[in-house]
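Asker: Submitted below is the structure of interest, expressed as structure tokens.
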Amino acid sequence: MSKAETISVDAADDGIRLDRWFKRHYPQLPFGQVAKLIRTGQVRLDGARAKANARIEEGQEIRLPPAVNAQQPSRNSEKAVSDEDAAFIQSLVIHKDDDVIALNKPSGLAVQGGSKTHRHIDGMLDALRFGKTDRPKLVHRLDRDTSGVLLIARSASSAAKLTAAFRRKDARKVYWGLTAQVPRPQKGMIDLPLMKERAQAGEDFRERVIPADRHHPDSKKAISYYAVVQQAAETAAWLALMPLTGRTHQLRVHCAAIGTPLVGDLKYGGDKAALSITGGMDAETPRLHLHARSINIAHPSGGRLHVQADLPSHMAESWAFLEWDTSDDGDPFAELEL
Numbered sequence: 605m606s607k608a609e610t611i612s613v614d615a616a617d618d619g620i621r622l623d624r625w626f627k628r629h630y631p632q633l634p635f636g637q638v639a640k641l642i643r644t645g646q647v648r649l650d651g652a653r654a655k656a657n658a659r660i661e662e663g664q665e666i667r668l669p670p671a672v673n674a675q676q677p678s679r680n681s682e683k684a685v686s687d688e689d690a691a692f693i694q695s696l697v698i699h700k701d702d703d704v705i706a707l708n709k710p711s712g713l714a715v716q717g718g719s720k721t722h723r724h725i726d727g728m729l730d731a732l733r734f735g736k737t738d739r740p741k742l743v744h745r746l747d748r749d750t751s752g753v754l755l756i757a758r759s760a761s762s763a764a765k766l767t768a769a770f771r772r773k774d775a776r777k778v779y780w781g782l783t784a785q786v787p788r789p790q791k792g793m794i795d796l797p798l799m800k801e802r803a804q805a806g807e808d809f810r811e812r813v814i815p816a817d818r819h820h821p822d823s824k825k826a827i828s829y830y831a832v833v834q835q836a837a838e839t840a841a842w843l844a845l846m847p848l849t850g851r852t853h854q855l856r857v858h859c860a861a862i863g864t865p866l867v868g869d870l871k872y873g874g875d876k877a878a879l880s881i882t883g884g885m886d887a888e889t890p891r892l893h894l895h896a897r898s899i900n901i902a903h904p905s906g907g908r909l910h911v912q913a914d915l916p917s918h919m920a921e922s923w924a925f926l927e928w929d930t931s932d933d934g935d936p937f938a939e940l941e942l
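Okay, here's the thing in structure tokens:
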């Protein structure tokens with residue numbers, strides 16, 4: 605007879621609703637049964653009752669009652685990856701060893717699926733087995749429109765070690781962004797708590813992240829470092845950004861909050877974010893200029909893993925137009941003891 609079990613939320617599931625977590629991992633369980641298990645308290649989040657729409661976070665503990673534990677979780681491997689998608693995702697690989705694969709994720713491609721998202725990284729992971737039995741596992745996420753380094757674990761043990769490294773903040777992530785105007789001062793720390801806000805839009809709900817009072821019960825600690833690498837007069841700046849926390853849309857909201865939104869980020873920067881590199885307004889909305897440039901993290905087999913990703917084409921074109929040289933990009937945060 606099955607017993608209750610407690611499992612930890614993976615980094616790949618950070619931020620999703622509790623009921624959608626069940627849909628993702630136990631799709632064979634009827635929605636009504638899941639709702640009843642949550643409503644009656646048989647499912648617990650960090651030992652307490654939770655609502656079906658509660659947003660779960662990496663590291664939280666979910667209690668699975670015997671009725672759930674008796675089911676086999678979805679391995680997301682039943683759907684074959686097309687030859688086209690297999691070739692595509694393999695072309696994104698910029699590092700591969702026995703424990704870890706690193707991709708240079710393009711802008712516009714989602715990491716995970718949703719009700720209106722059918723093509724995503726998670727759905728193509730079987731093409732990254734490269735002879736291994738285990739299905740590769742996501743260990744962190746990037747926004748759909750953010751490009752750059754995305755790590756994939758090649759086994760459950762590697763996933764656990766990488767997730768633990770993220771949790772204990774033993775991962776140094778540096779992003780590059782192009783901002784409208786130049787921040788003052790040119791180097792600093794943004795310590796601004798954030799919270800999620802939901803607003804109804806027709807029959808749907810839209811969610812955005814907003815600055816929050818640190819005493820608000822829904823506020824989450826959010827800290828980012830930034831440094832100007834180059835600037836184009838006072839029109840635009842090449843920013844290096846290093847988040848110490850991993851909140852949804854953190855860098856986008858933080859850049860907008862100090863008056864220098866990321867180019868292409870109309871959601872948080874408004875019309876100011878539509879500024880073209882020539883100083884006018886683009887005839888077409890520019891794409892988001894935010895790129896996960898590098899990551900330095902404890903390797904599952906020991907030592908450190910350092911991976912760097914080239915700029916996507918739309919950002920490379922902007923850098924080339926501004927004659928910014930990416931070949932000498934020393935760490936602007938080297939003096940920080942984190």
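In the numbering used here, the protein residues as written are 605 to 942.
The C-beta atom is built at its ideal place from N, Cα and C for all residues, glycine as well.
Predicted model, so just to flag it, every value in this text is computed and none were measured.
#1: Who pairs with residue 847 in a beta bridge, going by DSSP?
#2: Going by C-alpha to C-alpha distance, which of 766, 729, 880 and 618 sits closest to residue 906?
#3: Cβ atoms of residue 784 and residue 867: under 8 Å apart, would you say?
#4: How is residue 680 classed by DSSP in three states: helix, strand or coil?
#5: Quick check on residue 623: buried or exposed, where buried means 16 or more other Cβ atoms within 10 Å of its Cβ?
#6: Compute the beta-carbon to beta-carbon distance between residue 728 and residue 786, rounded to the nearest angstrom, for a pair I have assumed lies under 8 Å.
#7: Please go through the same chain and pick out, in chain order, the residues whose beta-carbon is closer than 6 Å to the beta-carbon of residue 925, but skip the five residues on each side of it.
#8: Among 929, 754, 664 and 851, which residue has its Cα nearest to the Cα of residue 552?
#9: Does DSSP classify residue 780 as helix, strand or coil?
#10: For residue 939, count neighbouring Cβ atoms within 10 angstroms of its own Cβ and tell me buried if that reaches 16, exposed if not.
#11: Going by alpha carbons, who is nearest to residue 826 out of 855, 648 and 879?
#12: Return the CA-CA distance between residue 817 and residue 838, expressed in angstroms with no decimal places.
#13: For residue 885 and residue 663, what's the separation of their Cα atoms in angstroms?
#14: State the Cα-Cα distance for the pair residue 864 and residue 857, rounded to the nearest angstrom.
#15: DSSP has residue 612 in a bridge; who is on the other side?
#16: So what's residue 870 in DSSP terms, helix, strand or just coil?
#17: Hey, residue 626 and residue 613: beta-carbon distance below 8 Å or not?
#18: Considering Cα atoms alone, identify which of 688, 689, 704 and 708 is closest to residue 697.
#19: Within the same chain, show all residues whose beta-carbon is closer than 7 Å to that of residue 916, passing over the 5 residues directly before and after it, in chain order.
#20: From the DSSP output, read off the bridge partner residues of residue 708.
#21: Figure out for me which residue from 892, 861 and 762 has the closest Cα to the Cα of residue 901.
#22: Could you check the C-alpha separation between residue 913 and residue 640 for me, to the nearest Å?
#23: What would DSSP say about residue 797, mapped onto helix, strand or coil?
#24: How should residue 635 be labelled, buried or exposed, when 16 other C-beta atoms within 10 angstroms of its C-beta is the threshold for buried?
#25: Give a yes or no on whether the C-beta atoms belonging to residue 893 and residue 713 are separated by under 8 Å.
#26: Would you list the one or two residues that DSSP bridges to residue 898?
#27: Assuming residue 642 is part of the beta strand (DSSP E), what are its boundary residues?
Answerer: This is what the structure gives:
#1: 828
#2: 766
#3: yes
#4: With a pLDDT of only 45 at residue 680, under the threshold of 50, the placement of this residue in the model should not be trusted, and no figure is reported.
#5: buried
#6: The Cβ separation is near 39 Å, so there is no contact.
#7: 881
#8: Any answer about residue 552 is impossible in this case: the structure gives the chain only from 605 up to 942.
#9: strand
#10: exposed
#11: 855
#12: 31 Å
#13: Its pLDDT being 49, under 50, residue 885 is placed unreliably in this model, and the value from its coordinates should be taken loosely. C-alpha separation (whole angstroms): 43 Å.
#14: 10 Å
#15: 665
#16: helix
#17: no
#18: 708
#19: 710, 711, 751 and 895
#20: 753
#21: 762
#22: 45 Å
#23: coil
#24: exposed
#25: no
#26: 778 and 912
#27: Unbroken run through residue 642 is the alpha helix (DSSP H), 635–643; no beta strand (DSSP E).
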